[in-house]
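Remarks on the structure that follows.
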Amino acid sequence: QNPDLDSEALLALPLPQLVQKLQSGELSPEAALFTYVGKAWEVNKGINCVTSYLADCETQLSQAPKQGLLYGVPVSLKECFSYKGQDSTLGLCLNEGLPAECDSVVVQVLKLQGAVPFVHTNVPQSMFSYDCSNPLFGQTLNPWKPSKSPGGSSGGEGALIGSGGSPLGLGTDIGGSIRFPSAFCGICGLKPTGNRLSKSGLKGCIYGQVAVQLSVGPMARDVESLALCLKALLCEDLFRLDPTVPPLPFREEIYTSSKPLRVGYYETDNYTMPTPAMERALLETKQSLEAAGHTLVPFLPSNIPHALETLSTGALFSDGGDSFLRNLSARKLWELQHEIEVYRNTVIAQWKALDLDVLLTPMLGPALDLNSPGKATGAVSYTLLYNCLDFPAGVVPVTTVTAADEARMEHYRGYFGDIWDKVLRQAVRNSVGLPVAVQCVALPWQEELCLRFMREVERLMTPGNPPS
Numbered sequence: 001q002n003p004d005l006d007s008e009a010l011l012a013l014p015l016p017q018l019v020q021k022l023q024s025g026e027l028s029p030e031a032a033l034f035t036y037v038g039k040a041w042e043v044n045k046g047i048n049c050v051t052s053y054l055a056d057c058e059t060q061l062s063q064a065p066k067q068g069l070l071y072g073v074p075v076s077l078k079e080c081f082s083y084k085g086q087d088s089t090l091g092l093c094l095n096e097g098l099p100a101e102c103d104s105v106v107v108q109v110l111k112l113q114g115a116v117p118f119v120h121t122n123v124p125q126s127m128f129s130y131d132c133s134n135p136l137f138g139q140t141l142n143p144w145k146p147s148k149s150p151g152g153s154s155g156g157e158g159a160l161i162g163s164g165g166s167p168l169g170l171g172t173d174i175g176g177s178i179r180f181p182s183a184f185c186g187i188c189g190l191k192p193t194g195n196r197l198s199k200s201g202l203k204g205c206i207y208g209q210v211a212v213q214l215s216v217g218p219m220a221r222d223v224e225s226l227a228l229c230l231k232a233l234l235c236e237d238l239f240r241l242d243p244t245v246p247p248l249p250f251r252e253e254i255y256t257s258s259k260p261l262r263v264g265y266y267e268t269d270n271y272t273m274p275t276p277a278m279e280r281a282l283l284e285t286k287q288s289l290e291a292a293g294h295t296l297v298p299f300l301p302s303n304i305p306h307a308l309e310t311l312s313t314g315a316l317f318s319d320g321g322d323s324f325l326r327n328l329s330a331r332k333l334w335e336l337q338h339e340i341e342v343y344r345n346t347v348i349a350q351w352k353a354l355d356l357d358v359l360l361t362p363m364l365g366p367a368l369d370l371n372s373p374g375k376a377t378g379a380v381s382y383t384l385l386y387n388c389l390d391f392p393a394g395v396v397p398v399t400t401v402t403a404a405d406e407a408r409m410e411h412y413r414g415y416f417g418d419i420w421d422k423v424l425r426q427a428v429r430n431s432v433g434l435p436v437a438v439q440c441v442a443l444p445w446q447e448e449l450c451l452r453f454m455r456e457v458e459r460l461m462t463p464g465n466p467p468s
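Residue numbers are given in UniProt numbering: position 105 of the sequence shown equals residue 105, and the series is strictly consecutive.
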């Protein structure tokens, strides 16, 4: 406790200002760390998002290099990021009592950039869900409304950052696992191209599945914080510690460019009917972009149902996944991987033919009821597509659910009237005031352009107030 410190003012600082005050000496790293530990402790009592406090974070305080881009910044980590001396359980008893022998590469780079990792956050058991509950640590709740899911699988991150308990976090995404919690909890998140950031040292349940790419990415309250995190991670230390990552530093000139963009967009993927709030969020964002001088062009990637039902599901569950698919032979799996490659090239050709810079799409929202995501699997369509394509994709909150949106849900039936549609219809009810996001997409390796587009959307759209 430091009576002279204005904790509320510190917690309200946007990340770039926090960094500036830490580097100038106006704020001490100890003040930042202990204030955020206190806030995380406080919010965790209500929403159950933290699995452990990283005991040696005080040691890192004394060792943090002052010239680092994230000097003194407390950072939260999804539980799957290996941290020396800590378990990464993924909510599974069999992983208890197996502390990591070393930090994962991105954690090492964060520390070299002066950041102070301070908590591990909760995940759904095995991480194969967009809810956030497991038998070891229980259910994480949405900070906006505790009867709603925070999303997953980076759900602890979404809930902690969304409630002000962390200024910056790292998540992973293989079907929307950064984007769901970011959208449901009213924050920003970026899923980069699969190999833009190192995955070395990540704890998982299934290894060797490469057809649909897992990505490591940042989650934060605003786009500028995501860009700062990416800038810090894409450094010589990352390329030295993991030579399999392309040595492509952050291209500031692309991120800060102000030239008008040519933006593709679609209002629906014709697979999951957008909720009224999703539809309105997309159209209002489109109109704001047009008013700001950008060109909006209708664009829908070809054959989305095939990409979702055959390519993505086939690749993810080629082990037979019980009810999903019969076991695939090696030859069938090779054919599937080739099909994904062909599909990716087809969509890129479509994109190039229209000379697009970026793409605007709906993002699933608002947050579903607790325990509903597992029964509304089809609703991953808006996010999973971009794991299949391995395109960078980020989400930005742009509005909140209105009473009019809620009233229009009475007429929502979905496209197929199947169990997924029925569950989704029920699960998004009673959501007035909850955040709704849009998704911003770019071509592979164009994270800077994706962030530039996200920043423009953020500038033009004013979301509701975050939870207190």
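Built from N, CA and C at the ideal position, the CB exists for glycine as well.
Legend entry - Reduced DSSP category for Tyr53 - H, G, I as helix; E, B as strand; rest coil: Strand, per DSSP.
Legend entry - Endpoints, alpha helix (DSSP H) assigned at His120: Residue range 116 to 121 is occupied by the beta strand (DSSP E) that includes His120, with no alpha helix (DSSP H) assigned at that position.
Legend entry - Identity of the residues DSSP links to Cys188 by a beta bridge: Checking the DSSP bridge columns, you'll see Cys188 partnered with Ala220.
Legend entry - Where the alpha helix (DSSP H) containing Cys80 begins and where it ends: Premise fails: Cys80 is in no alpha helix (DSSP H) and is neither H nor E.
Legend entry - Identified DSSP bridge partners for Val358: Per DSSP, the beta-bridge partners of Val358 are Val263.
Legend entry - Supposed close pair Arg251, Glu448 - CB separation, criterion 8 Å: Right, the Cβ-Cβ distance comes to about 5 Å (below 8 Å), so this counts as a contact.
Inset, instruction - Inspect the beta-carbon positions of Pro150 and Pro124 and report whether they are closer than 8 Å. - result: No, the pair does not count as a contact, with Cβ atoms beyond the cut-off.
Legend entry - Reduced DSSP secondary structure (H/G/I, E/B, other) of Cys235: Here Cys235 sits in coil by DSSP.
Legend entry - Nearest residue (CA-CA) to Gln63, options Glu30, Lys191, Lys39: Residue Glu30 is the option with its Cα nearest to Gln63.
Inset, instruction - Say yes only if the C-beta of Ala220 is nearer than 7 Å to one or more non-hydrogen atoms of the ligand FMN, and no if none qualify. - result: This structure lacks the ligand FMN, and indeed carries no ligand of any kind.
Inset, instruction - Answer yes if the region 334 to 348 comes into contact with the region 379 to 395, meaning at least three C-beta pairs across the two stretches below 8 Å, and no otherwise. - result: Yes, they touch.
Inset, instruction - Rounded to whole angstroms, what's the CA-CA distance from Gly175 to Glu26? Just pull it up for me. - result: Whole-angstrom Cα-Cα distance: 41 Å.
Legend entry - 8 Å Cβ cutoff met for Leu234 and Leu69: It is not a contact, given that the beta carbons lie outside the stated cut-off.
Inset, instruction - Check the DSSP bridge columns for Ala393 and list the partner residues they point to. - result: Lys191, Val441, per the DSSP bridge assignment.
Inset, instruction - Could you pull out every residue in the same chain whose Cβ sits closer than 6 Å to the Cβ of Ser154, ignoring the five residues on either side in sequence? - result: Excluding residues within five positions, the ones whose Cβ falls inside 6 Å are Lys78, Gly171, Ser177, Ile178, Pro181.
Inset, instruction - For the region 43 to 58 and the region 114 to 122, state whether three or more C-beta atom pairs, one from each stretch, are separated by less than 8 Å. - result: Yes: at least three Cβ pairs fall under 8 Å.
Inset, instruction - Starting from Thr172, follow the alpha helix (DSSP H) in both directions and report where the run begins and ends. - result: Judged by DSSP secondary structure, Thr172 falls outside any alpha helix (DSSP H) and instead within the beta strand (DSSP E) spanning 168 to 173.
Legend entry - Pro397 versus Thr295: straight-line alpha-carbon distance, rounded: The alpha-carbon atoms of Pro397 and Thr295 are separated by roughly 21 Å.
Inset, instruction - Express the C-alpha separation of Gly417 and Thr35 in angstroms, rounding to a whole number. - result: So the two alpha carbons sit approximately 49 Å from each other.
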